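Enquirer:
Number of protein chains: 2
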Amino acid sequence: MTKICDCGNDEFIAGVKKRMPDDDLIIDMSDLFKIFGDGTRLRILIALEKEEMCVEGISKTVDMSLSAVSHQLKVLKDAKLVKGRRSGKQVYYSLCDEHIFMLLKTAEEHLREERE
Amino acid sequence: MTKICDCGNDEFIAGVKKRMPDDDLIIDMSDLFKIFGDGTRLRILIALEKEEMCVEGISKTVDMSLSAVSHQLKVLKDAKLVKGRRSGKQVYYSLCDEHIFMLLKTAEEHLREERE
DNA sequence: TAAATAGTTGAACAGTTGTTCAATTGAATA
DNA sequence: TATTCAATTGAACAACTGTTCAACTATTTA
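First to last, the protein sequences are chains A and B. Going left to right, the first sequence walks through residues -13 to 102 as this note's numbering numbers them. Going left to right, the second sequence walks through residues -13 to 102 as this note's numbering numbers them.
Here it is in structure tokens:
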């Protein structure tokens, strides 16, 4: 008979809702994570952390076709995660923001710890 | 005539490759990010950071059907991000690991900074 | 200017994902 | 025990995603 769960109480739910970040921020967050959530893109980002590279170099490093890499670079560029600078025939890509790399490091460390 | 890009040099590529994390880790990382890359799951995680809740409570908080929430809870449970404890008719869910929450906070802060 | 090289782009396709709906399970209560 | 409530599960379906292929653009070199 006793109500254990407070979830029937609308005020309780409203209280939790109020403490959540606003919807726009949550959408932005999940969009950002979505970008990291693909192996090819993640490998491109990690590769670019090591070296600035042209598309062909990235393609060889991550073992993906030139076209596939170029498509993903566009996604990363649109998300302002990488930038390209043209030099002659090549376009050299690098990370926009080293800052974003803390995210990847944090995830990496978490998983490493989880492993042993 | 001068070769500007070092990407034609196989040793250069091999060098970058060697400095990358191994494939398994990259797959684990992208799998983790994939989970955060969905708005419903992200909202569930953020809600559970605030309060332990039963499925109906979560469902009301994130404005999704009971079934949709339950399906996503299974994904989160399989990934060891949340755990459930049964108490009577209800199952109460909470975060497995507050540690993982640093990731979300890092992303949130990054986006907040980017905004203004 | 013509050819070659580096990269981009759009359409198409297969594979994956998330939600809904209906059926089902598990626990408490009448 | 039969009923009710809370949650889970599986199938189906639509929407989305990532790769490939072919065509195209931009820059350099012959």
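No residue lacks a Cβ here, since even glycine has one placed at the ideal position from N, Cα and C. If you're wondering where the values come from, they're calculated on a predicted model, not measured in any experiment.
Please list the terminal residues of the continuous alpha helix (DSSP H) segment that includes lysine 46 of chain A.
Expert: First-last of the alpha helix (DSSP H) with lysine 46 of chain A: 41 to 48.
Enquirer: Within 10 Å of its beta-carbon, does threonine -12 of chain A have 16 or more other beta-carbons around it, so buried, or fewer, so exposed?
Expert: Low confidence applies to threonine -12 of chain A: its pLDDT is 41, below 50, so where it sits in the model is not reliable, and the reading given next is rough at best. Threonine -12 of chain A is exposed by the Cβ-count criterion.
Enquirer: Are the region -5 to 14 of chain B and the region 51 to 64 of chain B touching by the rule of at least three beta carbon pairs closer than 8 Å?
Expert: The region -5 to 14 of chain B vs the region 51 to 64 of chain B: no contact.
Enquirer: Quick check on leucine 52 of chain B: does DSSP put it in helix, strand or coil?
Expert: Three-state result, leucine 52 of chain B: helix.
Enquirer: For the beta strand (DSSP E) that leucine 81 of chain B lies in, which residues bound it at each end?
Expert: Segment 76 to 81, the beta strand (DSSP E) holding leucine 81 of chain B.
Enquirer: Can you tell me which of the three DSSP states methionine 15 of chain A falls into?
Expert: It is helical.
Enquirer: My understanding is that isoleucine 30 of chain A touches leucine 62 of chain A, with C-beta atoms under 8 Å, so please give their C-beta distance in whole angstroms.
Expert: Sure, about 7 Å apart at Cβ, within 8 Å.
Enquirer: Mapping DSSP to helix, strand and coil, what is leucine 97 of chain B?
Expert: Helix.
Enquirer: On the premise that threonine 92 of chain A lies in contact with isoleucine -1 of chain B, defined as a C-beta separation below 8 Å, what is that separation, rounded to the nearest angstrom?
Expert: The pair is not a contact, with the Cβ atoms about 28 Å apart (cut-off 8 Å).
Enquirer: What separation, rounded to the nearest whole angstrom, lies between the Cα atoms of methionine 39 of chain A and valine 77 of chain A?
Expert: Computed Cα separation, rounded: 8 Å.
Enquirer: Would you list the one or two residues that DSSP bridges to valine 68 of chain A?
Expert: Per DSSP, A:Leu81.
Enquirer: Roughly how many angstroms separate the alpha carbons of arginine 71 of chain B and tyrosine 79 of chain B, rounded to a whole number?
Expert: Going by the C-alpha atoms only, they are around 6 Å apart.
Enquirer: What is the rounded straight-line gap between the Cα of glutamate 166 of chain B and the Cα of lysine 69 of chain B?
Expert: With chain B covering -13 to 102 only, the question about residue 166 of chain B has no answer from this structure.
Enquirer: Measuring only between beta-carbons, confirm whether serine 16 of chain B sits less than 8 Å from chain A.
Expert: At least one chain A Cβ lies under 8 Å of serine 16 of chain B.
Enquirer: Give me the chain A residues within the contact set of glutamate 42 of chain B, using Cβ-Cβ distance strictly less than 9 Å, ordered along the chain.
Expert: Within chain A, the residues near glutamate 42 of chain B are Cys(-9), Cys(-7) and Gly(-6).
Enquirer: Name the chain A residues whose beta carbon is nearer than 7 Å to that of alanine 33 of chain B?
Expert: In chain order: Val2 and Met6.
Enquirer: My understanding is that cysteine 82 of chain A touches lysine 66 of chain A, with C-beta atoms under 8 Å, so please give their C-beta distance in whole angstroms.
Expert: Rounded, the Cβ-Cβ distance is 5 Å, consistent with contact.
Enquirer: By how many angstroms is the C-alpha of valine 41 of chain A removed from the C-alpha of cysteine -7 of chain B?
Expert: Rounded to the nearest angstrom, the two C-alpha atoms are 9 Å apart.
Enquirer: Closest to methionine 88 of chain B by CA distance: which of B:Phe22, B:Leu11 and B:Gly43 is it?
Expert: Of the listed residues, the one whose Cα sits closest to methionine 88 of chain B is B:Phe22.
Enquirer: So if I threshold CB-CB distances at 9 Å, which residues from the region 85 to 99 of chain A count as touching chain B?
Expert: Going along the region 85 to 99 of chain A in chain order, one finds His85, Ile86, Met88, Leu89, Leu90, Thr92, Ala93, Glu94, His96, Leu97, Arg98 and Glu99 with a Cβ nearer than 9 Å to chain B.
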